[in-house]
Structure formats: structure tokens, C-alpha cells
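Enquirer: One line per chain: the protein sequences are H and L, in this order. The first sequence begins at 84 in this note's numbering and counts up one residue at a time. The second sequence begins at 84 in this note's numbering and counts up one residue at a time.
Number of protein chains: 2
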Amino acid sequence: MDISEVARRSGLPASTLRFYEEKGLIASIGRRGVRRIFDPGILQRLALIALGRQAGFSLDEIAGMFDTDGRPAIDRDQLSAKADELDRVIQRLSAMRDGLRHAAACPAPSHMECPSFQKMLASASTAPRISVQGVLDKT
Amino acid sequence: MDISEVARRSGLPASTLRFYEEKGLIASIGRRGVRRIFDPGILQRLALIALGRQAGFSLDEIAGMFDTDGRPAIDRDQLSAKADELDRVIQRLSAMRDGLRHAAACPAPSHMECPSFQKMLASASTAPRISVQGVLDKT
DNA sequence: TCTTGACTTAAAGTGAACTTGAATTTGCAC
DNA sequence: GTGCAAATTCAAGTTCACTTTAAGTCAAGA
Numbered sequence: 084m085d086i087s088e089v090a091r092r093s094g095l096p097a098s099t100l101r102f103y104e105e106k107g108l109i110a111s112i113g114r115r116g117v118r119r120i121f122d123p124g125i126l127q128r129l130a131l132i133a134l135g136r137q138a139g140f141s142l143d144e145i146a147g148m149f150d151t152d153g154r155p156a157i158d159r160d161q162l163s164a165k166a167d168e169l170d171r172v173i174q175r176l177s178a179m180r181d182g183l184r185h186a187a188a189c190p191a192p193s194h195m196e197c198p199s200f201q202k203m204l205a206s207a208s209t210a211p212r213i214s215v216q217g218v219l220d221k222t
Numbered sequence: 084m085d086i087s088e089v090a091r092r093s094g095l096p097a098s099t100l101r102f103y104e105e106k107g108l109i110a111s112i113g114r115r116g117v118r119r120i121f122d123p124g125i126l127q128r129l130a131l132i133a134l135g136r137q138a139g140f141s142l143d144e145i146a147g148m149f150d151t152d153g154r155p156a157i158d159r160d161q162l163s164a165k166a167d168e169l170d171r172v173i174q175r176l177s178a179m180r181d182g183l184r185h186a187a188a189c190p191a192p193s194h195m196e197c198p199s200f201q202k203m204l205a206s207a208s209t210a211p212r213i214s215v216q217g218v219l220d221k222t
């Protein structure tokens, strides 16, 4: 597969693929002339990268999840830990969603007067912040 | 309250508070000499901002959620829409969490061979990407 | 063979959200 | 009154994840 096919099938622009290669996240299997040739397995790897991004990992963190031979080297404990972390995020987002829904239906003149909205605010301000460089920022 | 107290009580550095003020997200109630004085209500407002950030809104979007008198001006339809959007995020994160948990317990030698992990990958790659400038990026 | 359009690299640019630095001023505890 | 920790402004710097640009290379179809 050439870069345009990978781009087409993955939905990522070629520039991003080159960027990912430069970052060490992906690798081409070789070159035809000067052009990159990719193994079809690249798509699965890109899917894994997309997954990591969605879960809030930085590209550097994702790079650390593969071992030298390029296979995912995420140990099971780490996986569980991430699942737990994700669970906490989900809990807060759920509370938020419920708060939003309630506020939308609430007859209080301003959302600020809605107890449910206030409760949501309280939990939002005490909760750790979601950051770009990880699901949870323990600052 | 002076800026250091707001910083202490909100957990945000003073520099961030000044930055937020510059962006129009918050306002000081006045000055004692040259120093900012904040109304205690600022904490609630910062909580609202924190909430928005957690839900994936950009600062500009959050700024648009207050009307000129500084009260939240989020209309109920918009609120519902955001709740729906959050719901979709939660769905995907839940699937991901389940996939992670399964992979952690799965006896397959590599996670790549785990059908559950593969399923998660498939959904991750087709799903819209979470971005910094909004909960969902419709690219 | 010639053309052309897709590919290449390297470097610079972008935007979001802050942080840091430097120079300056000043509220307030003593 | 005075000393100074803490505030102020403004500009510039940082990180992340890309995107864009410029200039050049080259595989392949007519």
C-alpha cells in the first residue's frame, strides 16, 4: 500500500502519516523508489493509535505502548489501571450529562439556581482535570 | 478576595486567572489600588469553566456560554444537545473501557489476537475523534 | 521519451492554553 | 515611614499535534 491508500483507508491525511512515522509511531515496510510502502497491518496500528488518542493519551505515551518489534506491549496491569481511570472519567461525564439534562428541563430561572446544576459544578471543580497529555492530570 | 485567595481556593495559578480575565472568561469586581479584587462568586464561575473544559469545550466556546451580565446563558436546547453529545462520548469511552478490561483478562498471547480488543479497535478507528476544541470533531 | 501529478524532505507556521520573564509598582505588616 | 513580598503589565516562550509551504524527485501513463 502506498501512502495515499493508507490515507484513504485510515481517513488520516498523508502529512499526518509522515508525522507519525517521524515520531516513531508507525513505520513503512520499505520504499518503492523514494515512496513509502506500508504493510496493510498499518491500519490496525493506526486504529490502535486512534484508540489511544481517544482515551486521552499523548502521542508520546502511545509510542511507549509498543515494544521494539512494533507489537503492542501494554501490560495487563497497565490495561486495568487505564480501564479504572477511564471509568472515573466516565463517572464524571455521566454526572455532567445528567446535570445538563436536568438543567435543560429545570424550571429554575437561571441554571445557577438549579441545585442539580450546582451539584455538578461542585464535582467538576473538585475533580482532577482532563488534560491533553493523559486522561487524568494529577496536578 | 484577592487573586492569591482565588488561586488558592480554585487551585488555579494566578497567571491562569489573569489569562482567563484577558480572555473575557472572568472579571474582577474592582481593584484595590492596582490589585484585582474578586467576588466570591468567581469560584462558582471558575467551577463552571472547569466543567466546560472537562466536557471538552474550548475557552472560546465557554466564553460564549455567558451573556453580557455574566450569567450563564446556555439555552435549554443547547444544553440538551450537549448532553446528547456527551452521551455519545460516554458510549465510546465505555466500549473502550470494556475492551481494555477484557484485554487485561484475555488469555490471548498478544492483545492484537483478542477479538474483543480488535472490536474496540474497529470502533475506535471509525468513530469521530475527540478534540481539544470541542467534544466531537466532525472532520 | 516526455509530461505530469503524486510523492518526497526540511523547515516553518498554526492555534489552543497556558507559563515565564523582566521590569515595575505598591499594599500592608512592622 | 519604610521595606519587601506580592502584585502588576506586556511580551515572549512552551508544548502538543499537526498543517503548510517550498523546492525538488520520480513512477507511470500517453
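Even for Gly, the Cβ is constructed at its ideal location relative to N, Cα and C.
#1: Taking 8 angstroms as the threshold, find out whether the region 182–191 of chain H comes into contact with the region 161–179 of chain L through three or more Cβ pairs.
#2: For residue 127 (chain L), is the beta carbon positioned less than 6 angstroms from some heavy atom of the ligand NAD?
#3: Beta-carbon of residue 183 (chain L) versus every beta-carbon of chain H: anything under 7 angstroms?
#4: Apart from the five residues on each side of it in sequence, which residues of its chain come closer than 8 angstroms, Cβ to Cβ, to residue 126 (chain L)?
#5: Whose C-beta lies closer than 8 angstroms to the C-beta of residue 85 (chain L) among residues of the same chain, with five residues either side of it excluded?
#6: Would you mind telling me which residues of chain L sit closer than 8 angstroms to residue 97 (chain H), beta carbon to beta carbon, in chain order?
#7: From residue 200 (chain L) to residue 169 (chain H), what does the alpha carbon distance come to, in whole angstroms?
#8: Run through DSSP, which three-state label would residue 29 (chain H) get?
#9: Indicate the three-state DSSP secondary structure (helix, strand or coil) for residue 107 (chain L) in the structure shown.
#10: Along the region 118–145 of chain H, what residues have a CB closer than 8 angstroms to any CB found in chain L?
#11: Mapping the DSSP letters down to three states, classify residue 112 (chain L) as helix, strand or coil.
#12: Am I right that residue 175 (chain H) and residue 137 (chain L) are in contact with their C-beta atoms under 8 angstroms? What's the rounded C-beta distance?
#13: Give a yes or no on whether 7 angstroms exceeds the smallest Cβ distance from residue 202 (chain L) to chain H.
#14: In the DSSP assignment, find the unbroken alpha helix (DSSP H) run with residue 89 (chain H) in it and report its ends.
#15: With DSSP as the reference, identify every bridge partner of residue 119 (chain L), one or two as the case may be.
#16: Excluding sequence positions up to five away, which residues of its chain have a Cβ less than 7 angstroms from the Cβ of residue 112 (chain H)?
#17: Kindly list, in the order they appear in chain L, the residues whose Cβ is closer than 9 angstroms to that of residue 91 (chain H).
#18: So, helix, strand or coil for residue 198 (chain H), using DSSP?
#19: Helix, strand or coil for residue 140 (chain H) per DSSP?
#20: Measuring CA to CA, which of L:146, L:141, L:139 is closest to residue 128 (chain L)?
#21: Helix, strand or coil for residue 135 (chain H)? Go by DSSP, reduced to three states.
#22: Residue 124 (chain L) by DSSP, collapsed to three states: which one?
#23: Can you name the residues of chain L whose CB is closer than 7 angstroms to the CB of residue 186 (chain H)?
#24: Starting from the Cα of residue 50 (chain H), find the closest Cα among L:133, L:148, L:197 and give me that residue.
#25: For residue 142 (chain H), which residues of its own chain have a beta-carbon under 7 angstroms away from its beta-carbon, when the five flanking residues on both sides are left out?
#26: Distance, Cα to Cα, residue 178 (chain L) vs residue 148 (chain H)?
#27: Give a yes or no on whether the minimum CB-CB distance between residue 110 (chain L) and chain H is below 7 angstroms.
#28: By a C-beta neighbour count over all protein chains shown, 10 Å radius and 16 as the cutoff for buried, is residue 139 (chain L) buried or exposed?
#29: So which residues of chain L does residue 101 (chain H) contact, with C-beta pairs closer than 9 angstroms?
Expert: According to the structure data:
#1: yes
#2: By its list of ligands, the structure shown contains no ligand whatsoever, and the ligand NAD lies outside what it can speak to.
#3: Looking up residue 183 (chain L) in the second sequence gives position 100. It does; some Cβ of chain H falls within 7 angstroms.
#4: Here residue 126 (chain L) refers to the residue found at position 43 of the second sequence. Contacts found: 89, 92, 93.
#5: Counting from 1 along the second sequence, the entry for residue 85 (chain L) is found at position 2. In its chain, beyond the 5 residues on either side, 115, 118, 119, 120, 121 have a beta carbon closer than 8 angstroms to the beta carbon of residue 85 (chain L).
#6: Start at 1 with the first residue of the first sequence, and residue 97 (chain H) comes out as number 14. Simply none; closest approach about 15 angstroms.
#7: Walking along the second sequence from the start, residue 200 (chain L) turns up at place 117. Walking along the first sequence from the start, residue 169 (chain H) turns up at place 86. Their Cα atoms are separated by approximately 16 angstroms.
#8: Here chain H comprises residues numbered 84 to 222, so residue 29 (chain H) is not present and cannot be evaluated.
#9: Sequence index remark: in the second sequence, residue 107 (chain L) carries index 24 (1-based). If DSSP states are grouped into helix, strand and coil, residue 107 (chain L) belongs with coil.
#10: Flagged, chain order: 126, 127, 129, 130, 131, 133, 134, 136, 137, 138, 139.
#11: If you number the second sequence from 1, residue 112 (chain L) lands on position 29. Under the three-state reduction of DSSP output, residue 112 (chain L) falls in the coil class, being neither helix nor strand.
#12: To locate residue 175 (chain H), count along the first sequence from 1; it is residue 92. To locate residue 137 (chain L), count along the second sequence from 1; it is residue 54. At roughly 7 angstroms, the Cβ-Cβ gap stays under 8 angstroms, so residue 175 (chain H) and residue 137 (chain L) are in contact.
#13: In the second sequence, counting from the first residue as 1, residue 202 (chain L) sits at position 119. Chain H, which has no Cβ nearer than 7 angstroms to the Cβ of residue 202 (chain L), makes this no.
#14: Counting from 1 along the first sequence, the entry for residue 89 (chain H) is found at position 6. Taken as a continuous stretch (DSSP letters only), the alpha helix (DSSP H) holding residue 89 (chain H) covers 86–93.
#15: Position 36 of the second sequence holds residue 119 (chain L). Partner(s): L:114.
#16: As a position in the first sequence, residue 112 (chain H) is number 29, starting the count at 1. Correct list, in chain order: 120, 121, 122.
#17: Within the first sequence, the letter at position 8 stands for residue 91 (chain H). Here the premise fails: no neighbours, minimum Cβ distance about 13 angstroms.
#18: Locating residue 198 (chain H) in the first sequence gives position 115, counting from the first residue. Here residue 198 (chain H) sits in helix by DSSP.
#19: Here residue 140 (chain H) corresponds to residue number 57 of the first sequence, with the count starting at 1. In this structure, residue 140 (chain H) counts as coil in the three-state DSSP scheme.
#20: As a working mapping, residue 128 (chain L) is identified with position 45 in the second sequence. Cα-wise, what sits closest to residue 128 (chain L) is L:146.
#21: Here residue 135 (chain H) refers to the residue found at position 52 of the first sequence. Helix.
#22: In the second sequence, residue 124 (chain L) corresponds to position 41, counting from 1. Reduced to three states, the DSSP call for residue 124 (chain L) is coil.
#23: Locating residue 186 (chain H) in the first sequence gives position 103, counting from the first residue. Result: 162.
#24: With chain H covering only 84 through 222, there is no way to say anything about residue 50 (chain H).
#25: Taking the first residue of the first sequence as position 1, residue 142 (chain H) is located at position 59. Contacts found: 106, 108.
#26: Looking up residue 178 (chain L) in the second sequence gives position 95. Looking up residue 148 (chain H) in the first sequence gives position 65. Going by the C-alpha atoms only, they are around 20 angstroms apart.
#27: Position 27 of the second sequence, counted from the start, is the residue given in the question as residue 110 (chain L). No, its Cβ sits nowhere closer than 7 angstroms to a Cβ of chain H.
#28: Here residue 139 (chain L) is taken as the residue at index 56 of the second sequence, counted from 1. Per the 10 Å Cβ criterion, buried.
#29: Residue 101 (chain H) sits at position 18 when you count from the first residue of the first sequence. Within 9 angstroms Cβ-Cβ: nothing; residue 101 (chain H) doesn't reach chain L, min ~18 angstroms.
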